[in-house]
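First residue of the sequence shown? That's 0 in numbering that gives the first Met the number 0, and the numbers climb one at a time after it.
Even for Gly, the Cβ is constructed at its ideal location relative to N, Cα and C.
Just so you know, these numbers come straight off a predicted model, no measurement behind them.
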Amino acid sequence: MSQSLRITFAYPGGPFAEVYRSTGPRLLLDGVEVPVPGWGSHGFAVPAGPSSVRVVVPFGGADDFAVAEHEVTVGAGETVDLEYVAPTVLGLSGRIRVTGRTG
0 MSQSLRITFA YPGGPFAEVY RSTGPRLLLD GVEVPVPGWG SHGFAVPAGP SSVRVVVPFG
60 GADDFAVAEH EVTVGAGETV DLEYVAPTVL GLSGRIRVTG RTG
């Protein structure tokens, strides 16, 4: 059995929506960058056990915009659903939360 993280990457509407649409999230799993196809929901294979999840949104040449970090433990054969939400105001952090578990 394999285990995974299913992450939904979302951004708020409002004044910065166009900025978010013009870029995409970057994901680091245990310090290693993993390609993200863009905003929306995507699955990522992970080993069983603890994983460190870090999401940033590149903006203006900086890679530390809208940072959010979360530690999650994934059981053997389990899928953990996470949601990343970018901030509504420049300079604030993003937010990651667990939204479900299956398996």
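- Give a yes or no on whether the C-beta atoms belonging to residue 40 and residue 71 are separated by under 7 Å. For the 7 Å CB-CB criterion, residue 40 and residue 71 do not form a contact.
- Message: On the criterion of 16 or more Cβ atoms from any shown chain inside 10 Å, does residue 52 qualify as buried, or is it exposed?
- Response: Buried, since its Cβ has 16 or more Cβ neighbours within 10 Å.
- Message: Taking 7 Å as the threshold (C-beta atoms), are residue 93 and residue 67 in contact?
- Response: The criterion of a C-beta distance shorter than 7 Å is satisfied by residue 67 and residue 93.
- Query: When DSSP labels each residue in this structure, what does residue 44 get in the three-state scheme?
  - Reply: Looking at residue 44 - three-state DSSP - the assignment turns out to be strand.
- Query: CB residue 2 to CB residue 76, shorter than 7 Å?
  - Reply: Cβ atoms of residue 2 and residue 76: closer than 7 Å.
- Any idea which residues DSSP pairs residue 87 with across the strands? Residue pairing by DSSP leaves residue 87 without any beta bridge partner.
- Just curious, the alpha helix (DSSP H) that residue 9 is in, first and last residue? Note, residue 9: premise wrong, no alpha helix (DSSP H); beta strand (DSSP E) at 2-9.
- Could you give the residue range of the alpha helix (DSSP H) that holds residue 67? Per DSSP, residue 67 belongs to no alpha helix (DSSP H); it is in the beta strand (DSSP E), 67-73.
- Message: Whole angstroms are fine: how far does the CA of residue 85 sit from the CA of residue 16?
- Response: In a straight line, the C-alpha of residue 16 is about 10 Å away from that of residue 85.
- Message: For residue 24, count the other beta carbons within 10 Å of its own beta carbon; 16 or more makes it buried, fewer makes it exposed. Which is it?
- Response: Residue 24 is classed as buried because its beta carbon has at least 16 other beta carbons within 10 Å across all chains shown.
- Output the boundary residues of the beta strand (DSSP E) element that contains residue 31. Boundaries of the beta strand (DSSP E) harbouring residue 31: 31-33, taken from the DSSP string.
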